[in-house]
Amino acid sequence: MRSFFRILLSILILGPGFAATAADIKLEAKLVWGTSDDKGDANYKPIDAALAGKLHGMFKWKSYYEITNRTATIPLNTIASLKMSDQCTLRVKYLGASRVEVDCIGQGKQVTKGTSTLEPAKWLVLGGNCTNNTAWFIGLRAIDSKDAAPQKAISKN
Amino acid sequence: MKHHLELKIQAWTDGELSHRQARRVAQWIGREAQAAELAAELAGVKKALAANEPARTVPESRDFYWSKIERQIQRQAQNRPAPSPWYARWQGLLVPLTGVTALVCALAVIHQPRRPTFDEISATDDTMEAVTFNDQTAGMSVVWLQDKNPPVATEQTPPAAGGSTVEEGDPDAEVD
Numbered sequence: 495m496r497s498f499f500r501i502l503l504s505i506l507i508l509g510p511g512f513a514a515t516a517a518d519i520k521l522e523a524k525l526v527w528g529t530s531d532d533k534g535d536a537n538y539k540p541i542d543a544a545l546a547g548k549l550h551g552m553f554k555w556k557s558y559y560e561i562t563n564r565t566a567t568i569p570l571n572t573i574a575s576l577k578m579s580d581q582c583t584l585r586v587k588y589l590g591a592s593r594v595e596v597d598c599i600g601q602g603k604q605v606t607k608g609t610s611t612l613e614p615a616k617w618l619v620l621g622g623n624c625t626n627n628t629a630w631f632i633g634l635r636a637i638d639s640k641d642a643a644p645q646k647a648i649s650k651n
Numbered sequence: 155m156k157h158h159l160e161l162k163i164q165a166w167t168d169g170e171l172s173h174r175q176a177r178r179v180a181q182w183i184g185r186e187a188q189a190a191e192l193a194a195e196l197a198g199v200k201k202a203l204a205a206n207e208p209a210r211t212v213p214e215s216r217d218f219y220w221s222k223i224e225r226q227i228q229r230q231a232q233n234r235p236a237p238s239p240w241y242a243r244w245q246g247l248l249v250p251l252t253g254v255t256a257l258v259c260a261l262a263v264i265h266q267p268r269r270p271t272f273d274e275i276s277a278t279d280d281t282m283e284a285v286t287f288n289d290q291t292a293g294m295s296v297v298w299l300q301d302k303n304p305p306v307a308t309e310q311t312p313p314a315a316g317g318s319t320v321e322e323g324d325p326d327a328e329v330d
């Protein structure tokens, strides 16, 4: 009976610790261009239907093209730099428990800063206007390990 | 003679039959020589046993013998354990049940679905402001950066890798 209580006490003390400690987070980041031009751009492929549906439901543009797609596996308290374009880099720091700190760097200077909670199938989207009534989007989400194709771009904090 | 008939005769000899049965057996014994012979033999054995049974005496007197029995009964009554209360049978289950309940509660707390939280992401550039909105239905959180001083519209180009929305020589163009 004593050993039973010891085991139970150990589970109660250590259980929350195990739950909170997620070693890595796997992320996917996409740079997306939104446009209403019917011609589009043959160099880029349309984004997947799921994300397109979400963007269509929220924004006015007719077509959304995937410019860049990056994936990374980020250990706890580590920053990953995801180069979305020559002008744009996304710095993501994994804080644990699906929380990340996201910095968007544009042309060498910080554009946005903040934290968010990322869960699989839920997108965090940064966006802004481009020239001539188009828009740019950076979509960020956590992905399941089985779907991940990790492409490490990690720099230590 | 069949065994059950022998038993009938023995019962008749011992007076263990009803009146009707005893009368019928007696009539049968009167007719049947073998039955009469057996009945006589059994009656003789019964008589011999009754007359010659050895007397058995107890070592103590009658009163003392019965008082000993009474004391033994009282001693056994005192040693009998007190009846357990109604909740005693549940005590054996209470401790492990409490442990299992605590374990289930702990697991429920650990594995409860995390409610989506939305933390603020703000613009750090003075020329821009960030508007955030969260669409739980679509499963999407959006941080929209809008230029406080929107640039003049030019030819449409995507914010491609190797390409940029920044016009050459335009120091105030927005950043991608």
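These protein sequence lines map, in sequence, to chains B and S. Quick note on numbering: the first sequence equals residues 495 to 651 in our numbering. Quick note on numbering: the second sequence equals residues 155 to 330 in our numbering. All residues carry an ideal CB built from backbone N, CA and C; glycine is no exception.
Discussion item. For the pair the segment 186-196 of chain S and the segment 158-178 of chain S, tell me if three or more CB-CB distances fall below 8 Å.
Written reply: yes
Practice prompt. Compare the C-beta of B:L612 with all C-beta atoms of chain S and state if any pair is closer than 7 Å.
Written response: Here residue 612 of chain B is taken as the residue at index 118 of the first sequence, counted from 1. No - not a single Cβ of chain S is within 7 Å of the one on B:L612.
Discussion item. Checking 7 Å against the spacing of the C-beta atoms, do B:E560 and B:K539 come in under that value?
Written reply: Position 66 of the first sequence, counting from 1, holds the residue named residue 560 of chain B. Position 45 of the first sequence, counting from 1, holds the residue named residue 539 of chain B. In contact: B:E560 and B:K539 (Cβ atoms closer than 7 Å).
Discussion item. Given this structure, state the Cα-to-Cα distance separating B:W617 from B:Q601, to the nearest angstrom.
Written reply: Within the first sequence, residue 617 of chain B is the residue found at index 123, counting from 1. Within the first sequence, residue 601 of chain B is the residue found at index 107, counting from 1. Whole-angstrom Cα-Cα distance: 24 Å.
Practice prompt. Count the C-beta pairs between the segment 556-573 of chain B and the segment 583-593 of chain B that are closer than 8 Å, then say yes if the count reaches three, no if not.
Written response: yes
Discussion item. Pairs of beta-carbons, one from the segment 606-623 of chain B and one from the segment 292-306 of chain S, closer than 8 Å: are there three or more?
Written reply: yes
Discussion item. So, for B:S592: in the same chain, excluding its five sequence neighbours on each side, which residues have a beta-carbon less than 8 Å away from its beta-carbon?
Written reply: For the purposes of this step, residue 592 of chain B is taken as residue 98 along the first sequence, with counting starting at 1. Contacts found: A516, I519, T611, L612, E613 and A636.
Discussion item. Measuring straight from C-alpha to C-alpha, what distance separates S:W166 and S:E207?
Written reply: Within the second sequence, the letter at position 12 stands for residue 166 of chain S. Within the second sequence, the letter at position 53 stands for residue 207 of chain S. Going by the C-alpha atoms only, they are around 22 Å apart.
Worksheet item: If you draw a straight line from the alpha carbon of S:E170 to that of S:R210, how long is it in whole angstroms?
Response: Within the second sequence, the letter at position 16 stands for residue 170 of chain S. Within the second sequence, the letter at position 56 stands for residue 210 of chain S. Distance between the alpha carbons of S:E170 and S:R210: 27 Å.
Item to complete: Have a look at S:A236 and S:I223 and give me their C-alpha separation to the nearest angstrom.
Response: Locating residue 236 of chain S in the second sequence gives position 82, where the first residue counts as 1. Locating residue 223 of chain S in the second sequence gives position 69, where the first residue counts as 1. Taking the straight line from one Cα to the other gives about 23 Å.
Worksheet item: Excluding the five sequence neighbours on either side, which residues of its own chain have a C-beta within less than 7 Å of the C-beta of B:G608, listed in chain order?
Response: Taking the first sequence and counting its residues from 1, one reaches residue 608 of chain B at position 114. Counting only Cβ-Cβ distances below 7 Å, and skipping sequence neighbours, we find V596.
Discussion item. Give me the residue from S:K302, S:Q290 and S:R185 with the minimum Cα distance to S:D280.
Written reply: The residue labelled residue 280 of chain S in the question sits at position 126 within the second sequence. It is S:K302 whose Cα lies nearest to the Cα of S:D280.
Worksheet item: From S:W182 to S:A204, what does the alpha carbon distance come to, in whole angstroms?
Response: Position 28 of the second sequence, counted from the start, is the residue given in the question as residue 182 of chain S. Position 50 of the second sequence, counted from the start, is the residue given in the question as residue 204 of chain S. If I take the Cα positions, the gap works out to 26 Å.
Worksheet item: By the criterion of Cβ-Cβ separation under 7 Å, what are the contact partners of S:G242 in chain B?
Response: Your numbering for residue 242 of chain S matches position 88 in the second sequence. It is worth fixing the name first, because residue 242 of chain S is Ala in this sequence and not Gly. Near S:A242 there are no residues of chain B at all, since even the closest Cβ is about 17 Å away, more than 7 Å.
Discussion item. Quick check: the Cα distance between S:M155 and S:S172, rounded to an integer number of angstroms?
Written reply: In the second sequence, counting from the first residue as 1, residue 155 of chain S sits at position 1. In the second sequence, counting from the first residue as 1, residue 172 of chain S sits at position 18. Those two C-alpha atoms are separated by around 22 Å.
Worksheet entry | B:A543: first and last residue of the uninterrupted beta strand (DSSP E) it sits in | Taking the first sequence and counting its residues from 1, one reaches residue 543 of chain B at position 49. That residue, B:A543, is in no beta strand (DSSP E); its alpha helix (DSSP H) goes A543 to M552.
Practice prompt. Report yes or no: is there a C-beta of chain S within less than 7 Å of the C-beta of B:V526?
Written response: Mapped onto the first sequence, residue 526 of chain B falls at position 32. B:V526 does not count as touching chain S.
Discussion item. Please classify S:W244 as buried or exposed, where buried requires at least 16 other C-beta atoms within 10 Å of its C-beta.
Written reply: For the purposes of this step, residue 244 of chain S is identified with residue 90 of the second sequence, where counting begins at 1. It counts as exposed.
Worksheet entry | Cβ neighbours of B:G547 in the same chain (closer than 7 Å, five flanking residues each side left out) | Here residue 547 of chain B refers to the residue found at position 53 when the first sequence is read from its first residue. Taken in chain order, the list of residues that qualify is empty.
Discussion item. Beta-carbon within less than 7 Å of S:Y219's beta-carbon, same chain only, minus the 5 sequence neighbours each way: which residues are those?
Written reply: Within the second sequence, residue 219 of chain S is the residue found at index 65, counting from 1. Cβ neighbours of S:Y219 beyond the five flanking positions: V212.
Worksheet item: Is the CB-CB distance between B:L525 and B:T562 below 7 Å?
Response: Sequence index remark: in the first sequence, residue 525 of chain B carries index 31 (1-based). Sequence index remark: in the first sequence, residue 562 of chain B carries index 68 (1-based). It is a contact, given that the beta carbons lie within the stated cut-off.
Item to complete: Run down chain S in chain order and give the residues with a C-beta less than 9 Å from the C-beta of B:A615.
Response: The sequence position of residue 615 of chain B within the first sequence is 121, counting from 1. In chain order: G293.
Worksheet item: If you draw a straight line from the C-alpha of B:T628 to the C-alpha of S:A284, how long is it?
Response: For the purposes of this step, residue 628 of chain B is taken as the residue at position 134 of the first sequence. For the purposes of this step, residue 284 of chain S is taken as the residue at position 130 of the second sequence. C-alpha separation (whole angstroms): 18 Å.
Discussion item. Would you say B:V605 lies against chain S (beta-carbon separation less than 7 Å)?
Written reply: Working through the first sequence from its first residue, we reach residue 605 of chain B at position 111. So yes, B:V605 belongs to the interface.
Discussion item. Classify S:R174: buried if its beta carbon has 16 or more other beta carbons within 10 angstroms, exposed otherwise.
Written reply: The residue given as residue 174 of chain S occupies position 20 in the second sequence. S:R174 comes out exposed.
Item to complete: Give a yes or no on whether 7 Å exceeds the smallest Cβ distance from S:V297 to chain B.
Response: As a first step, residue 297 of chain S is located in the second sequence; it is residue number 143 there, counting from the start. With 7 Å as the cut-off, S:V297 counts as an interface residue toward chain B.
Worksheet entry | Within-7 Å CB hit, B:I590 to chain S | Along the first sequence, one-based indexing puts residue 590 of chain B at 96. Here the sequence assigns Gly to residue 590 of chain B, which means Ile is not the residue at that position. So, not an interface residue.
Practice prompt. Using the DSSP secondary-structure output, state which residues sit across from B:M578 in a beta bridge.
Written response: In the first sequence, residue 578 of chain B corresponds to position 84, counting from 1. DSSP lists no partner for B:M578.
Item to complete: For the beta strand (DSSP E) holding S:V296, just list the boundary residues, first then last.
Response: Sequence index remark: in the second sequence, residue 296 of chain S carries index 142 (1-based). Residues M294 to D301.
Worksheet item: Secondary structure at S:L159, three-state DSSP: helix, strand or coil?
Response: For the purposes of this step, residue 159 of chain S is identified with residue 5 of the second sequence, where counting begins at 1. Here S:L159 sits in helix by DSSP.
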